[in-house]
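Visitor: The opening position of the sequence shown corresponds to residue 1 in full-length UniProt numbering, with each subsequent residue numbered one higher.
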Amino acid sequence: MKKLLFLLSVWCCSLCLISAQTRTEFLLEKGWKFARTDNPESYLTGFNDSKWQSVVVPHDWAIYGPFSSKNDMQKVAITQDGQKAAMEHAGRTGGLPFVGVGWYRINFKVPEFNNGKKAAILFDGAMSHARVYLNGKEVGYWPYGYNSFKFDITPYLIEGGENLLAVRLENLTESSRWYPGAGLYRNVHVIVTEDAHIPVWGTQLTTPKITSEFAKVNLKTKVVRPVDSKVDNFRLVTEIKDANNRVVATGEEKLSKYDGDVFEQNLIVNQPKLWDTENPYLYKAVSKLYDGSSLKDEYTTTFGIRSIEIIPGKGFFLNGKLTKFKGVCLHHDLGPLGAAINEAALRRQITILKDMGCNAIRTSHNMPSPEQIKVCDEMGMMVMAESFDEWKIAKCQNGYNHLFDEWAEKDLVNLIHNFRNNPSIVMWSIGNEVPEQGSKGGVKVARFLQDICHREDPTRPVTQGMDNPGAVVNNNFAAIMDVAGFNYRPFKYKESYDKLPQELILGSETASTVSSRGTYKFPVERKAMAVYDDHQSSSYDVEYCSWSNLPEDDFIQHDDLPYCMGEFVWTGFDYLGEPTPYYTNWPSHSSLFGIVDLASLPKDRYYLYRSHWNPTKETLHILPHWNWAGREGEVTPIFVYTNYPSAELFINGKSQGKRTKDMSVTVDNSGDDASMKELKRQKRYRLMWMDTKYESGTVKVVAYDKDGKAVAEKEIHTAGKPHHIELVADRTSLIANGKDLAYVTVKVVDKDGNLCPNVNQLVKIKVKGAGTYRAGANGDPISMDLFHLPQMTLFNGMLTAIVQTTDKAGEIILEATSKDLKNGKVILNSK
Ligand code: GAL
């Protein structure tokens, strides 16, 4: 009998394999038609869209420009920034044409949809006010442009035939404080399942107990089953697989009428490999849903085994290890690609940030894309996932305040359901600098939102970015939060800590130092809101906003005060819009806050953070450049950013003296005006020679370790005549999937390879072979050059050209030409 049962189960199993194609998922990428005209008949099946533009999704309709001060010109007073009277903010949202209506249409077939199957459509984000129509019928509406949303399309989908999906999007003027992007800028998925299935975001996986011997994995799986089906016929078989696809745990569970159509399984993984930022180890839970012996669905949940804990007075612990946040805030745009999501671009961002020593990002001020979280899971980057920049009280006239009452809970639930299994996410944020901080009843709204987070995910702490410490430490607003997150004003941390019950302070948003790559201003002085005729800020890293400060004003808090949990710097990368302090100074239209510029080229500041956040890697960076014809004999300070404690500086072989990081500077003895003015805190973190005089030639620095041993040296030289274009690709081996990207740094150098930092001429780019020119950027916040055209003006001698693969493998050749310079050429391989 036993033998017979065994044979029977083998037979059943092979049958399952044959019919294993239980779910089909695909993206709607190619074949879309797009128009900016708002013809109300665009949703009808018979509508003629042959004249519309053909586009590929993800698509950002506004990134192609042209720039204009009239695009979303906002005549407002930004009260958060201390403005009293309305003024014209031209580039606040990037000066790009995102306002208005756009329609998308696509025809597609779903051969798998037959015999009573179910189908869903999932948008990872659509900007904004999406109205979705299938085969001439309205399927649903989702207004918030940053969120993922899904609809059941079973009643609308045609079996066997052609389907027409139409989406109307509309962006309002004065609805954002930065460039939001426009259109179907994230992926659109079609998912076909059996009648009984696991729905979108249908699992919730936690790891409630982790020791070195075992990890307990708790998996809750929702099942949608036909009304006439028998509950106790359903079974869920889950296999946990390690990164090598080896099965490390198995569990089987039957559904009963007491389960509310949710399976709960507890599985044990022995000797678990933990997820952390150094070794982001991922497991998969592969669940098979059976109705009797018939396989109905197969659903994979990717997860990591890791613990997070917040201990009052001590801080944030990842896998039991005290971990300070060395974080950055990021807006969602990808510079010259706009908001259109691209995994290769996200990987590049995280690669650059990790090399800097950054261990966390805050998705300010909205929901991340699934690709961003996937990349963070895979590469080991912690994430604070944020939801809103606005609640009920307006920051922007046409912003989320109109939606809050009806949509806030739905939006928050979708965010959490989408990402609650991802190990990279360590905290939820319910808001950013909401005016409710100081208003009557504001605390109740905060509590309402935090409760939703706790209900949907009891495993992660909740925070928000507060910039009104005077109010929130006295009205419970900060006290009720799991984590009190403060934006700016680090000099208030101590007072807030004394008043609040949590015993911890998070720098949820910090610094807002401003600088332009390769631009230096004299004299070198600490300044708030400095503006110049060229609309740039100094890369000596001494300039900031009226509410903000320099990097060291934050470093010192988190180093000296044990209750400080670390920080999220505003921002990791420059973004489109918010060109503070150039509010009204068109053509300023992108930010100056980034540690890395809009072309994803590191500014000097990058090396300051790297020297502090990644101290085991060598950083030895000299600034400014040394091409100052006309400044001969004038004071031209030199800064060195290094992880070493001291260094000696030489100009043309003459010693300028040795500097050592001044560890006698503390948070308590350096906060007064005089100390600020004389850059006292900076002396603890940077090496500064304030009196050096310019003479052309060589600047050399020799670094010493703590024992006084010379351990490293670096030189920069005055560049000679511009000679040729040097091209450096971040990756030369690419994937032939029509999406992969290589970022090629374009530099003008002299005959010896020294950067010519004063060359600002046009470069033309040609791409041949198995790739196309995707976009370029130079990092200049006032550049009017269009990102997608294969030509761009250099900014301080550099720019970035982005190449995209096609579907065909082969060689890609990028050539760059510019007047009076020898061409540059680079060959990439797409496989
Ligand atoms: C903060 C705000 C950010 C950005 C930043 C610029 O107050 O949260 O979105 O505006 O200021 O410094």
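Cβ coordinates follow ideal geometry from the N, Cα and C atoms, glycine included.
Is the CB-CB distance between Glu713 and Val702 below 8 Å?
Guide: yes
Visitor: Going by CA-CA distance only, name the one from Phe263, Asp232, Pro226, Lys284 that's closest to Val247.
Guide: The shortest Cα separation from Val247 among Phe263, Asp232, Pro226, Lys284 belongs to Lys284.
Visitor: I believe Ser68 touches Gly95 by the beta-carbon criterion, under 8 Å. Please report the beta-carbon distance rounded to the nearest angstrom.
Guide: 6 Å
Visitor: Tell me which residue opens and which closes the beta strand (DSSP E) that Leu403 is part of.
Guide: Per DSSP, Leu403 lies in no beta strand (DSSP E) segment and is marked neither H nor E.
Visitor: With 16 as the cutoff for other CB atoms within 10 Å, does Tyr133 come out buried or exposed?
Guide: Its Cβ being crowded by 16 or more others within 10 Å, Tyr133 is buried.
Visitor: What residue range does the alpha helix (DSSP H) around Gly470 cover?
Guide: 469 to 472
Visitor: Looking at Glu29 and the ligand GAL, is the gap between the Cβ and the nearest heavy atom below 7 Å?
Guide: no
Visitor: Can you list the alpha helix (DSSP H) stretches of 4 or more residues lying completely in the segment 517 to 561, in chain order?
Guide: For the segment 517 to 561, whole alpha helix (DSSP H) runs of length 4 or above, ordered along the chain, are 551 to 560.
Visitor: Give me the residue from Gly380, Phe593, Gln761 with the minimum Cα distance to Trp275.
Guide: Gly380
Visitor: Would you call the segment 48 to 57 and the segment 545 to 552 in contact, with 3 or more CB pairs under 8 Å?
Guide: No, because fewer than three Cβ pairs between the segment 48 to 57 and the segment 545 to 552 fall closer than 8 Å, the two stretches do not touch.
Visitor: DSSP three-state call for Asp152: helix, strand or coil?
Guide: strand
Visitor: Can you tell me whether Glu503 sits near the ligand GAL, meaning its C-beta is under 7 Å from at least one heavy atom of the ligand?
Guide: Incorrect: Glu503 has no Cβ contact closer than 7 Å to the ligand GAL.
Visitor: Alpha carbon to alpha carbon, what distance is there between Lys768 and Pro790?
Guide: Rounded to whole angstroms, Pro790 and Lys768 show a C-alpha spacing of 12 Å.
Visitor: Could you tell me which uninterrupted alpha helix (DSSP H) segments, each at least 4 residues in length, are contained entirely in the UniProt domain "DUF4982" (633 to 712), listed from first to last along the chain?
Guide: 673 to 677, 682 to 685
Visitor: In this structure, how does DSSP classify His621 when only helix, strand and coil are distinguished?
Guide: In this structure, His621 counts as strand in the three-state DSSP scheme.
Visitor: Does the distance from the CB of Lys241 to the CB of Thr22 come in under 8 Å?
Guide: no
Visitor: Please state whether DSSP places Leu821 in a helix, a strand or coil.
Guide: coil
Visitor: Between which residues of its own chain and Lys30 is the CB-CB distance below 7 Å, once the five residues before and five after are set aside?
Guide: Val56
Visitor: Quick check: is any heavy atom of the ligand GAL less than 7 Å from the C-beta of Arg177?
Guide: yes
Visitor: Between Leu506 and Thr571, is the Cβ-Cβ spacing less than 8 Å?
Guide: Not closer than 8 Å, so no.
Visitor: Hey, which unbroken runs of the alpha helix (DSSP H) at 4 residues or more fall wholly within the segment 250 to 335?
Guide: none
Visitor: I'd like to know whether the C-beta of Pro111 is nearer than 8 Å to at least one C-beta of chain D.
Guide: No chain D is present in this structure, which holds just one protein chain.
Visitor: For Glu386, count neighbouring Cβ atoms within 10 angstroms of its own Cβ and tell me buried if that reaches 16, exposed if not.
Guide: buried
Visitor: Assign Lys109 to one of two classes, buried (16 or more other C-beta atoms within 10 Å of its C-beta) or exposed (fewer than that).
Guide: exposed
Visitor: DSSP state of Ala394, grouped into three classes?
Guide: coil
Visitor: What is the DSSP secondary structure of Val413, counted as helix, strand or coil?
Guide: Under the three-state reduction of DSSP output, Val413 falls in the helix class.
Visitor: Ends of the beta strand (DSSP E) at Lys374?
Guide: It is not in any beta strand (DSSP E) - Lys374 instead sits in the alpha helix (DSSP H) that spans 370 to 379.
Visitor: Quick one: give me the first and last residue of the alpha helix (DSSP H) that Tyr743 is part of.
Guide: Here Tyr743 belongs to no alpha helix (DSSP H); instead the beta strand (DSSP E) covers 741 to 749.
Visitor: Skipping 5 residues on each side, what residues in its chain have a beta carbon closer than 6 Å to that of Leu598?
Guide: Gly335, Asp574, Ser590, Ala777, Gly779
Visitor: Rounded to a whole number of angstroms, what is the C-alpha to C-alpha distance between Lys693 and Tyr493?
Guide: 39 Å
Visitor: Looking at the secondary structure, which residues open and close the alpha helix (DSSP H) in which Cys564 lies?
Guide: It is not in any alpha helix (DSSP H) - Cys564 instead sits in the beta strand (DSSP E) that spans 564 to 570.
Visitor: Buried or exposed: Gly594, going by 16 or more other Cβ atoms within 10 Å of its Cβ?
Guide: buried
Visitor: Go ahead and pull the three-state DSSP assignment for Ser19.
Guide: Residue placement at Ser19 cannot be trusted, given a pLDDT of 40 that sits under 50; the coordinates are not used to answer.
Visitor: Can you tell which of Pro458, Phe491, Gly442 has the C-alpha that lies nearest to the C-alpha of Ala479?
Guide: Gly442
Visitor: Let's test the definition: count the other Cβ atoms within 10 Å of the Cβ of Asp752 and tell me whether it reaches 16, buried, or not, exposed.
Guide: exposed
Visitor: The ligand GAL and Asn432: does any heavy atom of the ligand fall closer than 7 Å to the residue's C-beta?
Guide: Yes, the ligand GAL has a heavy atom inside 7 Å of this Cβ.
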